[in-house]
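Number 378 in the numbering used here belongs to position 248 of the sequence shown; there are no gaps in the numbering. Report on one structure; see the data block that follows.
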Amino acid sequence: MEMNKRLLKIVLAAVGALSVACLVAILYLALDEPVFLKHYYDIRTYEENEHMQEISFNLVYITNVGENRTVTQISFLESPEMIIHASEYSHINSFPWGSDQANIPGEVHGRYSVRTIYCQVDLFAENVEIDGKVLSQANVYFSDGSKMNVDLGELQLYVHRTMDQSFEGMSSSGSSDGSSSTRYRATEEATLVSVESPMLHRFADRLDLKINDHVIDGIKGLKIEEGKYMEVKSKLYTGGDPLNVYSMIDLHPEIIYMNAAGDRRSLRFYNVDSLYHSFNFMDIYRYLAAREVL
Numbered sequence: 131m132e133m134n135k136r137l138l139k140i141v142l143a144a145v146g147a148l149s150v151a152c153l154v155a156i157l158y159l160a161l162d163e164p165v166f167l168k169h170y171y172d173i174r175t176y177e178e179n180e181h182m183q184e185i186s187f188n189l190v191y192i193t194n195v196g197e198n199r200t201v202t203q204i205s206f207l208e209s210p211e212m213i214i215h216a217s218e219y220s221h222i223n224s225f226p227w228g229s230d231q232a233n234i235p236g237e238v239h240g241r242y243s244v245r246t247i248y249c250q251v252d253l254f255a256e257n258v259e260i261d262g263k264v265l266s267q268a269n270v271y272f273s274d275g276s277k278m279n280v281d282l283g284e285l286q287l288y289v290h291r292t293m294d295q296s297f298e299g300m301s302s303s304g305s306s307d308g309s310s311s312t313r314y315r316a317t318e319e320a321t322l323v324s325v326e327s328p329m330l331h332r333f334a335d336r337l338d339l340k341i342n343d344h345v346i347d348g349i350k351g352l353k354i355e356e357g358k359y360m361e362v363k364s365k366l367y368t369g370g371d372p373l374n375v376y377s378m379i380d381l382h383p384e385i386i387y388m389n390a391a392g393d394r395r396s397l398r399f400y401n402v403d404s405l406y407h408s409f410n411f412m413d414i415y416r417y418l419a420a421r422e423v424l
């Protein structure tokens with residue numbers, strides 16, 4: 131009988147210690163507020179009346195599992211006149227009483243939920259000047275009436291203008307290791323000048339980018355003969371920094387070239403990106419620890 135009592139005390143003590151440890155772990159892992167990933171996007175827009183404007187992008191953040199509030203609106207401090215429709219549901223629903231609104235969105239990993247915000251932009255509501263505009267600081271509004279100021283990273287807006295091109299797209303491919311390739315055929319002789327992008331420098335130490343096997347710093351003067359192919363290959367590495375694991379990247383660099391008549395032209399390519407991540411609890415934990423929010 132005495133041995134049973136001692137055994138019971140040991141079991142109760144172990145259960146109590148485990149409960150305390152679990153509570154401490156939960157409190158330690160809990161976020162004080164949502165953590166937004168860093169986004170580095172080139173966002174293409176069109177000259178007015180050239181296309182029906184459907185300008186959209188996704189934002190991603192991490193919050194505590196069981197968080198009931200959702201993002202309902204976003205405004206950028208650099209351009210408060212821009213109208214942005216935001217929702218955490220896969221389609222922008224103008225009617226909040228839609229049936230899917232009862233389900234809290236998110237991808238659950240241990241103590242955390244990874245949320246995606248689907249944004250659509252009406253840039254021309256106030257005749258906003260957008261070419262070259264940089265967006266970074268945002269006010270994010272939640273369904274419970276709260277809001278927070280967030281540094282989202284760097285969103286570069288540019289206007290796509292139609293011009294005569296010396297290249298036609300032929301094929302593109304990508305793989306799960308982050309590598310991708312786009313092939314063009316020259317419709318006339320073209321001479322490459324440079325590759326330009328306001329954000330390429332951020333990723334120079336982990337981006338492998340080549341045109342016809344030439345690094346971009348060595349393409350000046352490279353001739354692409356009529357009927358020949360130009361192949362753009364890229365691979366974006368994460369490296370050893372946990373902060374790089376979940377960076378959201380979608381860049382549209384410009385290839386500057388001279389056509390056969392000696393006119394300066396440009397061609398954008400769209401295969402420098404890291405948007406589709408495989409989230410897991412340990413990588414999220416390392417990321418949040420590196421962000422110093424735990």
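A virtual CB, placed ideally from N, CA and C, is assigned to each residue, including glycine. Keep in mind that this is a model prediction, so the values were computed, not measured.
Asked	Found
Looking at the secondary structure, which residues open and close the beta strand (DSSP E) in which Tyr170 lies?	169-176
By how many angstroms is the C-alpha of Glu259 removed from the C-alpha of Leu397?	22 angstroms
Taking 8 angstroms as the cut-off, does the stretch 186-197 touch the stretch 297-313 (at least 3 CB pairs, one atom from each stretch)?	no
Quick check on the DSSP output: the alpha helix (DSSP H) that includes Asn374 runs from which residue to which?	372-375
Below 8 angstroms on the Cβ atoms is my guess for Val362 versus Asn410; work out the distance and round it to an integer in Å.	About 31 angstroms separates the two Cβ atoms, so there is no contact after all.
Going by DSSP, what residue range makes up the beta strand (DSSP E) through Ala216?	213-217
With C-beta atoms as the reference, is Asp403 less than 8 angstroms away from Leu418?	no
Rounded C-beta distance between His169 and Leu285? I'm assuming under 8 angstroms.	6 angstroms
Skipping 5 residues on each side, what residues in its chain have a beta carbon closer than 6 angstroms to that of Ala390?	Glu318, Glu319
Do you know whose CA, among Asn198, Pro210, Asp338, Thr368, lies nearest Gly75's CA?	No answer is possible for residue 75: it lies beyond the span of the chain, which begins at 131 and ends at 424.
State the Cα-Cα distance for the pair Arg416 and Pro372, rounded to the nearest angstrom.	6 angstroms
Contact between the stretch 288-298 and the stretch 208-219 is defined here as three or more beta-carbon pairs at a separation below 8 angstroms; is this criterion met?	no
For Leu207, count the other beta carbons within 10 Å of its own beta carbon; 16 or more makes it buried, fewer makes it exposed. Which is it?	exposed
Anyone know if the C-beta pair for Met212 and Val251 falls short of 8 angstroms?	yes
Beta-carbon within less than 6 angstroms of Gly304's beta-carbon, same chain only, minus the 5 sequence neighbours each way: which residues are those?	Ser310
Could you give the first and the last residue of the continuous alpha helix (DSSP H) run that contains Leu282?	First-last for Leu282: 277-290, but that is the beta strand (DSSP E), not the alpha helix (DSSP H).
Let me know if Gly283 comes out buried or exposed under the rule of 16 or more other beta-carbons within 10 Å of its beta-carbon.	buried
Are any of the Cβ atoms in chain D nearer than 8 angstroms to that of Leu322?	As a matter of chain content, chain D is missing from the structure shown, which is built from one protein chain.
Per DSSP, which residues does Gln203 bridge with? Please list them.	His215, Tyr271
The alpha helix (DSSP H) spanning Ala320 covers which residue range?	Careful: Ala320 lies outside any alpha helix (DSSP H), inside the beta strand (DSSP E) at 320-326.
Starting from the Cα of Gly357, find the closest Cα among Pro164, Ser296, Val201 and give me that residue.	Ser296
If you run the structure through DSSP and keep just helix, strand and coil, what is Ala419?	helix
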